[in-house]
Ligand code: NAD
Ligand code: IPM
Ligand code: MN
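Numbering (UniProt numbering), first residue to last: 16 to 365.
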């Protein structure tokens, strides 16, 4: 019981719209005796364009002093000449993940009852991608030479430390151990990326010895994408690097009912800093401001948040409300963002 401090970063585009619905649901879902105290941080494109600030150190320090973070999405209008690509993505989102040591980027995928998959026979799909969150090609370890010339050389070198790989692999094994099928699939490209690949392969084999009940499988990333579309029910826990995990989880969203349903947690398992919960999707400038965004992913992210904070009953209530809403959705009835949020909220608070 008591007060939990929540940093809220709605961000850009539909991030604003879906976060409002997620907060509605969170307020109603808080267990008896627990109060969420949200503090809103207006970070994102608007602030950057007005002030040049992306994530001031003082704001980061304030955010750090919270129990959890709820984020909508970041990313401005495409091809804005005043907003170079990556400024917000790297300077805000990735900086939060790196500084707060969100080394487990947890992205569950399930086909909920009544939800249509674009696959004809998807089977019983229920897997979770444990995406490494602090390393890989995302670290900014690279550069460009002879820029703008025909001899330009651009590099983005993937960083894979034994420390970073081992800790995320161990977390993935522990999750597999807690699940019914107890199966872990390492996805990589060890046949080509031999340096990084050998670290991932070796440490997966080593950590496997601590989890004798977990079945270990390996797939190259390209083949994994075949199985994700032809036989996704074979997956239980997938562990992979930062970039592969980014790509896999958009496909995973697509086969399980769409990007509007895909939730994620950027977890700091050691709890040295607050974890951050956000939909997998971005700011969707193509539909922003039209109340067309599905807030379900943001609401399911609230369920992950509650679970992380130890309120698994409340988390289950939110998930059940979403499942009930999904089961009753009809493709013929298009609901506004707030209508979906209200419907789920009333099931939680009803
Ligand atoms: P996106 O996820 O924003 O949109 C991809 C497609 O999915 C679009 O057609 C969009 O309309 C649709 N979509 C996304 N979320 C939806 C929802 N909740 N309901 C219904 N439809 C939805 O990806 P993008 O277009 O590649 O990127 C747009 C911006 O968002 C870029 O600036 C990108 O860098 C940023 N981005 C941010 C995050 C994040 O904050 N975690 C994630 C991905 C992309
Ligand atoms: C995501 C996004 C981010 C990522 C971008 C916006 C930095 O695509 O959360 O999946 O690549 O991790
Ligand atoms: Mn992504």
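All C-beta atoms in this analysis are idealised placements derived from N, C-alpha and C, irrespective of residue type, glycine included.
| Item | Value |
| --- | --- |
| Identify the continuous beta strand (DSSP E) that holds residue 51 and give its terminal residues. | 49-55 |
| Opposite residue 124 in the DSSP bridges: which residues? | 142 |
| From residue 232 to residue 98, what distance separates their C-alpha atoms? | 42 Å |
| Note down, one range per segment and in chain order, each beta strand (DSSP E) of at least 3 residues found wholly within the segment 153-231. | 157-160, 168-171, 198-203 |
| Report the residue from 313, 129, 250, 172 whose alpha carbon sits nearest the alpha carbon of residue 345. | 129 |
| Using CA coordinates, which residue listed in 311, 237, 350 is at the minimum distance from residue 41? | 311 |
| Fully enclosed by the segment 281-311, which beta strand (DSSP E) runs are 3 residues long or longer? | 290-294 |
| Find out if the Cβ-Cβ distance for the pair residue 341, residue 330 is shorter than 8 Å. | no |
| Out of 223, 23, 18, which one is the CA nearest neighbour of residue 48? | 18 |
| Tell me which residues share the same chain as residue 182 and place their Cβ nearer than 7 Å to its Cβ, disregarding the 5 neighbours each side in the sequence. | 118 |
| Following the continuous alpha helix (DSSP H) through residue 75, name the residue where it begins and the one where it ends. | 72-79 |
| Look up residue 233 in the DSSP assignment and say whether it is helix, strand or coil. | strand |
| Compute the Euclidean distance between the alpha carbons of residue 364 and residue 43, then round it to the nearest angstrom. | 5 Å |
| Does residue 281 pass the burial test, meaning 16 or more other C-beta atoms within 10 Å, or should it be called exposed? | buried |
| With hydrogens ignored, establish whether the beta-carbon of residue 89 is closer than 7 Å to any heavy atom of the ligand NAD. | yes |
| In terms of alpha-carbon separation, which member of 275, 229, 140 lies closest to residue 29? | 275 |
| In whole angstroms, what separates the C-alpha of residue 154 from that of residue 260? | 15 Å |
| Please report the distance separating the alpha-carbon of residue 107 from that of residue 69. | 6 Å |
| Nearest-angstrom Cα distance between residue 337 and residue 287? | 31 Å |
| Identify every residue that forms a DSSP beta bridge with residue 17. | 49 |
| By alpha-carbon positions, which one of 302, 125, 178 ends up nearest to residue 214? | 178 |
| Where residue 127 and residue 176 are concerned, what is the direct C-alpha to C-alpha distance, given to the nearest angstrom? | 37 Å |
| According to DSSP, which residues form a beta bridge with residue 84? | 22, 291 |
| Compute the minimum distance between the beta carbon of residue 49 and the heavy atoms of the ligand MN, and state whether it is under 7 Å. | no |
| Suppose the cutoff is 8 Å on Cβ atoms and the five residues either side in sequence are ignored; what does the same chain contact list for residue 102 look like? | 63, 69 |
| Residues in the same chain with beta-carbon distance under 6 Å from residue 212, minus the five sequence neighbours each way, listed in chain order, please. | 203, 205 |
| Please look up how many angstroms separate the CB atoms of residue 146 and residue 120, rounded, as I've assumed it's under 8 Å. | 4 Å |
| In this structure, how does DSSP classify residue 149 when only helix, strand and coil are distinguished? | coil |
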